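K.L.:
Going letter by letter, the sequence shown gives residues 51 to 167 in our numbering.
First the structure, which I've put down as structure tokens, then a few questions once you've had a look.
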Amino acid sequence: MPVGELDHLYYWTRDMDAAVRFYRDTVGLTLRRRDGDAWAQFEAGPVRFALHATDVADPIISGTAVFRVEDLEAARWTLQQRGVAFEEPTGEVEGFARFATFRDPDGNPLQIIEYLT
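Laid out in structure tokens, this is it:
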């Protein structure tokens with residue numbers, strides 16, 4: 051095999067403190083490592099999620115971090131209580147999954163997904 055398992059993914063951030071608070075306190079991820087204002091890494095199942103500092107005004111936004119939930123409506127309600135504003139409407143891949151999209155403080159897209167099968 052030319053490569054191993056996916057280890058982690060990261061998003062760029064211009065404000066590490068705000069981004070760490072969002073992912074720790076709002077999304078509910080456990081902070082695993084923080085290297086000052088340069089890097090933060092969270093536990094997110096078998097693949098780690100990280101934040102990387104940037105001074106670029108408009109860093110390239112690429113991809114979407116998707117977090118699995120057991121109950122989409124319950125997770126959505128909890129996140130809304132923590133200040134998350136979801137983009138409407140809730141999406142669905144008929145008979146397979148339902149998902150909802152929101153953004154972090156830097157505008158990076160995130161989704162929560164509930165598999166129906």
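Heads up, the beta-carbon is just placed ideally off N, CA and C, and yes, glycines get one too.
These numbers come from a predicted model, not from an experiment.
With C-beta atoms as the reference, is phenylalanine 152 less than 7 Å away from leucine 160?
P.N.:
Their beta carbons are under 7 Å apart, which means phenylalanine 152 touches leucine 160 by this criterion.
K.L.:
Measuring CB atoms only, is the stretch 139-146 touching the stretch 104-114, in the sense that at least three cross pairs come out at less than 8 Å?
P.N.:
Not touching, per the Cβ criterion.
K.L.:
I'd like to confirm the pairing. Which residues does DSSP put opposite tyrosine 165 in its beta bridges?
P.N.:
According to DSSP, tyrosine 165 bridges with Ala147.
K.L.:
Grab me the residues of leucine 81's own chain with a C-beta within less than 7 Å of its C-beta, minus the 5 sequence neighbours each way, in chain order.
P.N.:
These residues qualify, in order along the chain: Val70, Arg74, Ala90 and Phe92.
K.L.:
Let me check understanding here. Comparing Cα to Cα, which of Ala124, Arg84, Thr128 and Phe136 lies closest to proline 155?
P.N.:
Ranking the options by Cα distance to proline 155, first place goes to Phe136.
K.L.:
Cα separation between tyrosine 60 and glycine 145?
P.N.:
Looking at the two C-alpha atoms, the distance is approximately 30 Å.
K.L.:
Per DSSP, valine 134 is paired with what?
P.N.:
Valine 134 pairs with nothing; no bridge assigned.
K.L.:
Looking only at C-alpha atoms, which of Asn158, Pro52 and Arg126 sits nearest to glycine 113?
P.N.:
It is Asn158 whose Cα lies nearest to the Cα of glycine 113.
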